[in-house]
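See structure below.
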Amino acid sequence: MKKILFCCFLALGPIFLFVQNTYAQCAMCAINAEEGVKNGNTQGLGLNSGIMYLLFIPYFLVLVVGIIWYKKYRKKVVHLNMKNEQINLN
Numbered sequence: 001m002k003k004i005l006f007c008c009f010l011a012l013g014p015i016f017l018f019v020q021n022t023y024a025q026c027a028m029c030a031i032n033a034e035e036g037v038k039n040g041n042t043q044g045l046g047l048n049s050g051i052m053y054l055l056f057i058p059y060f061l062v063l064v065v066g067i068i069w070y071k072k073y074r075k076k077v078v079h080l081n082m083k084n085e086q087i088n089l090n
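In this note's numbering, the protein residues as written are 1 to 90.
The following block contains the structure:
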């Protein structure tokens, strides 16, 4: 498990080192929000972060369900010491 986490960290780690600004608005929404802010409207200031927040939630939920599913249904190593016992197949 530690090896898998280490490999995932090595694969995904560089993505978080080079973060770019993201804009989650379509062109029309961006123009309307910018015009509203220029005219003194303050409601459009948090629009982009709200959209990013709404986009993040489904991916986070899928990740949580995947982790729970993995932990619940993974194969567990079970050692049975049955060498000296005879098995009856009737």
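Idealized CB from N, CA, C, for every residue including glycine. This structure is a prediction, so every number in the text was calculated from the model and none was measured.
Taking the straight line between their C-alpha atoms, what separation do you get for valine 64 and phenylalanine 18? 25 Å
When the Cα atoms are used, what is the spatial distance from glycine 36 to glycine 44? 7 Å
Beta-carbon gap between alanine 27 and leucine 47 smaller than 7 Å: no
Among Gly50, Gly13 and Leu10, which has the Cα closest to the Cα of cysteine 29? Gly50
Looking at the structure shown, is leucine 63 part of a helix, part of a strand, or coil, going by DSSP? helix
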